[in-house]
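Here the structure comes first, spelled out in structure tokens, and everything after it is commentary.
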Amino acid sequence: MKSILFAFSLLTANIAFAQTSAPFDNDHWVISGKMEKETYLGNDCIRLSEASIYLKDATFLNGIIEFDMTLPKNRCFPGIGFRLQDKENFEEVYLRPHQLGNPDAIQYTPVFNGQAAWQLYYGDGYSTAITYPLNEWVHIKLIIKDTQGEVYVGNTDKPSLVIHHLKREPKPGQISLENNYPALTRFANFRYTKTNEPALQGPFKADVAPKPGTILHWQISNPFDQKQLENSFSIPKELNSQLIWKTLPAENTGIVNVSQITRIGNGSNTVFAKITITSDRDQIKKFQFGFSDAVKLYLNNRLLYGGQDVFLSRDYRFLGTTGYFDEVYLNLKKGKNELWLAISEDFGGWGLQGMIPDQTGLTIKP
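Under my numbering, the final residue of the sequence shown carries the number 488; numbering is consecutive throughout.
Structure follows, in structure tokens:
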């Protein structure tokens with residue numbers, strides 16, 4: 123009897139770890155955009171141009187995803203989405219073949235409410251330099267487990283990109299393949315394995331502790347049109363009366379990804395983020411901050427600062443990534459002071475981060 127049970131357990135384990143192939147047809151995929159079938163360099167494949175395809179199986183949580191790609195030299199951003207909850211909420215890894223060898227040749231980003239966030243999440247754990255041949259087959263493998271992931275590009279034994287912290291809550295979902303630009307990208311030999319114990323190599327880094335003074339909670343308003351702030355040095359009373367607030371925690375880095383709780387739309391590309399600073403005396407404090415893509419900063423309803431970090435707004439390679447690149451000096455009065463930042467989005471990441479390194483004599487609340 124024990125032998126039978128042992129054999130059955132091995133059988134069920136093998137089934138649980140079985141690799142599943144998904145031919146590129148209507149039985150397995152939902153197709154959106156331009157998809158054509160062909161044979162290229164010995165592989166039956168599909169060509170995607172301004173298109174995405176969605177695997178009908180919506181139960182991928184942890185495991186291994188593998189496929190082959192050919193990539194052009196043209197500017198494009200082909201890749202894969204996984205754990206799709208819908209077409210606007212998923213995890214994404216994509217390649218930038220026009221940036222081969224540069225620090226952003228491959229990118230991981232979460233997508234919330236249709237908004238990718240590569241300007242908020244870049245560098246170690248999010249993007250890195252890789253190379254591979256163009257217009258030839260390149261093997262891609264993702265290994266995903268809970269809040270961590272690895273991406274292998276080419277026939278390599280070591281991960282090309284180690285994702286230390288996947289930003290979305292782990293939930294089962296669909297897988298997608300995508301190329302939303304006209305440049306042709308080919309996909310072949312797609313298969314996946316669902317298992318809760320895939321083997322990861324790492325090394326993975328623990329979440330960093332917040333730097334002293336990091337603002338870890340903000341009040342975020344409902345979105346509105348940034349044009350409502352034009353030609354005014356204070357917050358318009360009519361706009362103020364229409365604001366509805368939610369508390370949004372920051373990550374340990376201070377990053378607040380606004381798209382987690384709201385979406386950009388026509389006439390609604392701006393939110394306020396605010397904190398209340400109670401000071402035990404009149405004093406001046408340094409406030410360091412970052413934003414994407416534009417900001418207006420108000421202290422006690424008086425405009426102090428305005429800035430823009432829109433992609434390509436300064437030169438042809440200006441990325442508009444977020445960091446503690448700006449600072450102002452807050453002339454705080456004794457008692458309560460309100461600090462408001464109007465954060466406007468173009469594309470690439472909607473968010474902010476802030477810190478007051480010296481909080482002596484201060485109490486800060488969202």
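A virtual CB, placed ideally from N, CA and C, is assigned to each residue, including glycine. Note that this is a predicted model, so its numbers are computed, not measured.
- Uninterrupted alpha helix (DSSP H) stretches at least 4 residues long and entirely within the region 188-242 do not occur.
- Apart from the 5 residues on each side of it in sequence, Gln481 sits with its Cβ closer than 7 Å to the Cβ of Gly335 in its chain, given in chain order.
- Rounded to whole angstroms, Glu352 and Phe469 show a C-alpha spacing of 21 Å.
- DSSP, reduced to helix, strand and coil, places Val330 outside both helices and strands of the structure shown, so it counts as coil.
- Exposed is the label assigned to Ile366, since fewer than 16 other Cβ atoms lie within 10 Å of its Cβ.
- Beta-bridge analysis with DSSP links Trp340 to Leu370.
- Rounded to whole angstroms, the separation of the alpha carbons of Asp179 and Gly295 is 8 Å.
- Annotation for Thr384: Pro345 place their beta carbon closer than 6 Å to its own, counting only its chain and skipping 5 residues before and after.
- The beta carbons of Trp340 and Ile397 sit closer together than 8 Å.
- Residue environment for Ile406: exposed (fewer than 16 other C-beta atoms within 10 angstroms of its C-beta).
- By the CB criterion at 8 Å, Pro281 and Glu272 fall inside the cutoff.
- Between the region 148-158 and the region 216-226, the count of Cβ pairs shorter than 8 Å is below three; the stretches do not touch.
- The region 312-327 makes contact with the region 170-184: 3 or more CB pairs, one atom from each, lie closer than 8 Å.
- The Cβ atoms of Gln475 and Gly428 do not sit closer than 8 Å to each other.
- Taking C-beta atoms as the reference points, Gln410 and Met477 count as a pair closer than 8 Å.
- Under DSSP, Gln430 forms a beta bridge with Ala416.
- Put simply, the region 233-248 touches the region 206-214. At least three CB pairs are less than 8 Å apart.
- Taking a cut-off of 8 Å for Cβ pairs, the region 261-268 and the region 184-202 touch, as three or more such pairs fall below it.
- Out of Tyr451, Phe309, Asn423, Ile186, the CA that lies nearest to the CA of Glu158 is found in Phe309.
- With fewer than 16 other Cβ atoms from the protein chains shown falling within 10 Å of its own Cβ, Asn423 counts as exposed.
- A residue is called buried once 16 or more other Cβ atoms fall within 10 Å of its Cβ, and Gln323, having fewer, is exposed.
- The C-alpha of Thr369 lies about 19 Å from the C-alpha of Pro332.
- DSSP places Asn318 in no alpha helix (DSSP H); its state is neither H nor E.
- Per the DSSP secondary-structure output, Leu484 pairs in a beta bridge with Ser401.
- The straight-line gap separating the alpha-carbon atoms of Pro479 and Tyr303 is approximately 43 Å.
- Beta bridge pairing from DSSP links Lys456 with no other residue.
- When rounded, the separation of the alpha-carbon atoms in Ser174 and Lys359 is 44 Å.
- Boundaries cannot be given for Lys280, as no alpha helix (DSSP H) includes it and DSSP labels it neither H nor E.
- In the DSSP annotation of this structure, Leu256 is not part of any beta strand (DSSP E), being labelled neither H nor E.
- When the beta-carbon positions are compared, Val275 and Ile228 come within less than 8 Å of each other.
- Around the CB of Pro200, 16 or more other CB atoms lie within 10 Å, so the residue is classed as buried.
- Of Leu421, Gln364, Leu454, Asp415, the smallest CA-CA separation from Ser466 is found for Asp415.
- Per DSSP, Lys359 is one residue of the alpha helix (DSSP H) stretching across 359-362.
- In this structure, DSSP gives Lys349 a helical state, which the three-state scheme calls helix.
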